[in-house]
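Novice: In numbering that gives the first Met the number 0, the protein residues as written are 0 to 508.
C-beta atoms are modelled at their ideal positions from N, C-alpha and C, and glycine is treated no differently.
None of these values were measured; they are calculated from a predicted model.
The structure's right below; bear with me while I get my questions together.
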Amino acid sequence: MESKKIKSALVSVFYKDGLEDIVKALDAQGVTIYSTGGTQKFIEGLGIQPVAVESLTGYPSILGGRVKTLHPKVFGGILARRDMYSDGEQLAEYEIPEIDLVIVDLYPFEQTVASGATEQDIIEKIDIGGISLIRAAAKNFNDVVIVPAVDHYAEFLKIYTEQDGCTTLEQRHHFAAYAFNVSSHYDTAIFNHFNKTENLPVFKQSCKHGEVLRYGENPHQKGVFYGNLEACFDKLNGKEISYNNLGDIDAACALIDDFDGQTAFAILKHNNACGMAVRPTLIEAWKDALAGDPVSAFGGVLITNQKVTREVADEMHKIFFEVCIAPNYDDEALTVLRGKKNRIILRRKGFRMADPMFRSVLDGVLVQDRDNVVPTAADMQQSVTSTKITKEQAEDLAFATILVKHTKSNAIVLAKNGQLLASGTGQTSRVDALRQAIAKAQSFGFDLNGAVMASDAFFPFPDCVEIAHQAGIAAVAHPGGSIHDQDSIDYCEKNAMGMAITGKRHFKH
0 MESKKIKSAL VSVFYKDGLE DIVKALDAQG VTIYSTGGTQ KFIEGLGIQP VAVESLTGYP
60 SILGGRVKTL HPKVFGGILA RRDMYSDGEQ LAEYEIPEID LVIVDLYPFE QTVASGATEQ
120 DIIEKIDIGG ISLIRAAAKN FNDVVIVPAV DHYAEFLKIY TEQDGCTTLE QRHHFAAYAF
180 NVSSHYDTAI FNHFNKTENL PVFKQSCKHG EVLRYGENPH QKGVFYGNLE ACFDKLNGKE
240 ISYNNLGDID AACALIDDFD GQTAFAILKH NNACGMAVRP TLIEAWKDAL AGDPVSAFGG
300 VLITNQKVTR EVADEMHKIF FEVCIAPNYD DEALTVLRGK KNRIILRRKG FRMADPMFRS
360 VLDGVLVQDR DNVVPTAADM QQSVTSTKIT KEQAEDLAFA TILVKHTKSN AIVLAKNGQL
420 LASGTGQTSR VDALRQAIAK AQSFGFDLNG AVMASDAFFP FPDCVEIAHQ AGIAAVAHPG
480 GSIHDQDSID YCEKNAMGMA ITGKRHFKH
């Protein structure tokens with residue numbers, strides 16, 4: 000592996016954190032440091048005198064700082080191939096010094112967009128010189144080291160100090176890979192910002208960081224999570240989060256977010272809620288969520304939108320579950336829940352669920368907006384039959400419709416008094432989904448008289464409302480849209496059932 004000594008460096012960064020130690024290490028080795036603007040002033044503040052880029056190029060920084068390093072005397076010194084005689088001749092002819100190390104940290108474009116800055120401020124944070132330096136140095140990794148972001152300062156400094164100012168070809172190639180990761184991610188972020196208004200039919204997504212998982216959905220499959228879990232949760236206890244855990248965690252967070260302003264507790268298995276309740280207190284919500292299906296709760300994912308107290312933790316601790324998610328926990332509650340060393344305990348932060356959503360299909364990608372429609376009791380109050388929907392039924396229908404929205408299709412949800420009684424999930428027939436839900440509710444001893452039913456899609460025939468009525472269901476909600484809607488309406492009219500038609504389908508596949 001060819002080792003090269005660093006004799007000259009160009010340093011132009013936005014974030015200076017961690018830069019001081021590198022600059023001092025370079026200076027101690029007698030490295031010529033070129034710099035400009037704020038970075039030059041920072042280095043001078045350390046008592047080190049860099050060579051101003053302006054003195055190298057013969058041009059000042061112009062256009063309000065838009066053009067500083069874009070010059071042949073800079074890029075020639077970076078791109079020159081040291082083993083090519085003609086390149087060396089041209090460097091000598093035009094008095095261009097070789098540059099062996101480039102350290103860059105780009106303008107914070109994504110952070111500026113996220114801050115809500117004006118469009119003009121956002122445009123000014125599109126780095127031109129920096130991104131060009133990164134690409135040039137990375138292209139010539141055979142001779143040049145590129146440190147493309149503040150994230151890589153520490154790794155470079157360790158190599159530099161341990162190897163007496165030298166780098167190997169393998170290490171330079173490694174940093175070049177970092178560089179193209181940084182540059183491609185940066186350009187993707189800029190494109191996606193512009194495409195918010197242009198809506199070009201182009202798919203570009205970039206995640207700079209990935210976490211290799213133990214395996215994918217099954218042990219014989221590889222799995223990686225691309226994202227930043229630390230921005231989503233504080234992990235307070237437990238084993239490594241698995242691929243399947245992440246799918247359930249995502250489903251749980253999406254579900255609980257639709258119950259903002261209510262005290263809610265949900266239990267999920269395989270991305271579907273098997274227990275859920277909204278109640279005045281968290282302990283009541285937990286007990287009634289568990290009562291919905293205490294069998295399926297085994298090994299499940301638990302989530303609430305309230306702080307977990309010692310009282311609730313004591314009850315939760317009585318069953319085996321894999322993951323618990325909450326906005327916070329009492330110290331005593333944490334002590335209880337940590338009683339199982341592998342139990343994953345997550346404290347949720349204020350992150351936003353990904354929108355739009357995408358998934359791989361065939362040789363490409365499907366993209367869609369997140370289903371952000373949140374059904375309300377007001378949506379359910381108008382019955383299309385002469386049987387009025389009561390206030391309590393409207394609240395239950397909204398509760399059930401939110402749940403059915405988050406349940407794999409074909410789906411039916413039965414609910415009563417703010418409690419999930421049962422659901423029929425992932426069935427090829429809506430009738431089968433309903434029969435599954437009824438059988439399950441009855442197996443746990445629930446009285447379906449006066450309960451409500453929500454369907455994720457229309458009833459193609461009146462058989463579903465007929466079966467529901469025979470089981471004791473008093474009111475139903477569905478989106479409507481079938482050519483046979485009137486048949487279902489007529490049955491409900493004849494049998495004094497309330498029916499709300501929401502106009503919103505909620506398939507989930």
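1) Give every residue of the same chain whose Cβ lies closer than 8 Å to the Cβ of I343, excluding the five residues on either side of it in the sequence, and list them in chain order.
2) Where does G75 sit, in a helix, a strand or coil, going by DSSP?
3) Under a CB-based cut-off of 8 Å, is A288 close to chain D?
4) Pick out whichever of Q220, N371, V73, E210 has its Cα sitting closest to the Cα of E229.
5) Flag this pair as touching only if the region 253-266 and the region 397-407 have three or more C-beta atom pairs under 8 Å; answer yes or no.
6) Evaluate H505 with the Cβ neighbour count: other Cβ atoms within 10 Å of its Cβ, from every protein chain shown; 16 or more gives buried, anything less gives exposed.
7) Buried or exposed for L396, please, with buried defined as at least 16 other CB atoms from any protein chain shown within 10 angstroms of its CB.
8) Using the C-alpha atoms, what's the distance from G222 back to V10?
9) Which partner residues does F457 have in the DSSP bridge list?
10) Under the assumption that A51 contacts Q39 (Cβ atoms under 8 Å), give the Cβ distance between them as a whole number of angstroms.
11) Counting pairs of beta carbons, one from the region 113-129 and one from the region 74-86, are three or more of them closer than 8 Å?
12) Is I98 near S7, with beta carbons less than 8 Å apart?
13) Of all the options K4, N448, A467, A456, which has the alpha carbon lying nearest to the alpha carbon of L517?
14) Could you tell me the alpha carbon to alpha carbon distance between V464 and E283, rounded to whole angstroms?
15) Looking at C-alpha atoms only, which residue of M275, T56, S183 is the closest neighbour of Q418?
16) Am I right that Y328 and K306 are in contact with their C-beta atoms under 8 Å? What's the rounded C-beta distance?
17) Among D287, S454, G260, I482, which has the Cα closest to the Cα of N304?
18) On the CB-based measure, 16 or more other CB atoms within 10 Å of its CB, does D163 come out buried or exposed?
19) Is any non-hydrogen atom of the ligand NAD found closer than 7 Å to the C-beta of N304, if you look at the structure I gave you?
20) So the candidates are P459, L420, N409, A414; which of them puts its Cα closest to the Cα of V451?
21) Secondary structure at Y506, three-state DSSP: helix, strand or coil?
22) Report yes if the C-beta distance between D16 and V101 is below 8 Å; otherwise report no.
23) Within this structure, are the beta carbons of D486 and F460 separated by less than 8 Å?
24) Just grab the DSSP bridge partners of L345 for me.
25) Could you tell me the distance, in whole angstroms, from the CA atom of Y58 to the CA atom of L365?
26) I think D313 touches V335, with their Cβ atoms under 8 Å apart; what is that distance to the nearest whole Å?
27) If V430 sits next to D378, beta carbons under 8 Å apart, how far is it from one beta carbon to the other, in whole angstroms?
28) What are the start and end residues of each continuous beta strand (DSSP E) run of 3 or more residues lying completely inside the region 349-430, in chain order?
29) Roughly how many angstroms separate the alpha carbons of A135 and R351, rounded to a whole number?
30) In angstroms with no decimal places, state the Cα-to-Cα distance between Y33 and P49.
31) Helix or strand or just coil, what does DSSP make of T38?
32) Would you tell me roughly how many angstroms separate the C-alpha atoms of A265 and K195, rounded to the nearest one?
33) Report the three-state DSSP secondary structure of K4 (helix, strand or coil).
34) Taking the alpha carbon of F224 as the point to measure from, which residue in Y242, E216, P218 has its own alpha carbon closest?
35) Near A178, what residues of its chain come up, given a Cβ to Cβ distance below 6 Å and the 5 sequence neighbours on each side ignored?
36) Classify A288 as buried or exposed, calling it buried when 16 or more other Cβ atoms lie within 10 Å of its own Cβ.
Specialist: Taking the geometry as given:
1) K234, N236, G237, K238, I240, N244, E321, V322, C323
2) helix
3) No chain D appears in this structure, which consists of one protein chain only.
4) E210
5) yes
6) buried
7) buried
8) 38 Å
9) DSSP output for F457 lists no bridge partner at all.
10) 6 Å
11) no
12) yes
13) Outside the displayed range of the chain (0 to 508) lies residue 517, so it cannot be described from this structure.
14) 31 Å
15) M275
16) 7 Å
17) G260
18) exposed
19) Of ligands this structure carries none, so the ligand NAD is not represented either.
20) A414
21) It is Phe, not Tyr, that sits at residue 506 in the sequence shown. DSSP places F506 in coil when its eight states are reduced to three.
22) no
23) yes
24) K234, I324
25) 49 Å
26) 6 Å
27) Actually they are not in contact, since the Cβ atoms of V430 and D378 sit about 25 Å apart, beyond 8 Å.
28) 356-360, 363-367, 411-415, 418-423
29) 36 Å
30) 5 Å
31) helix
32) 35 Å
33) strand
34) Y242
35) I133, A137, I145, P147
36) buried
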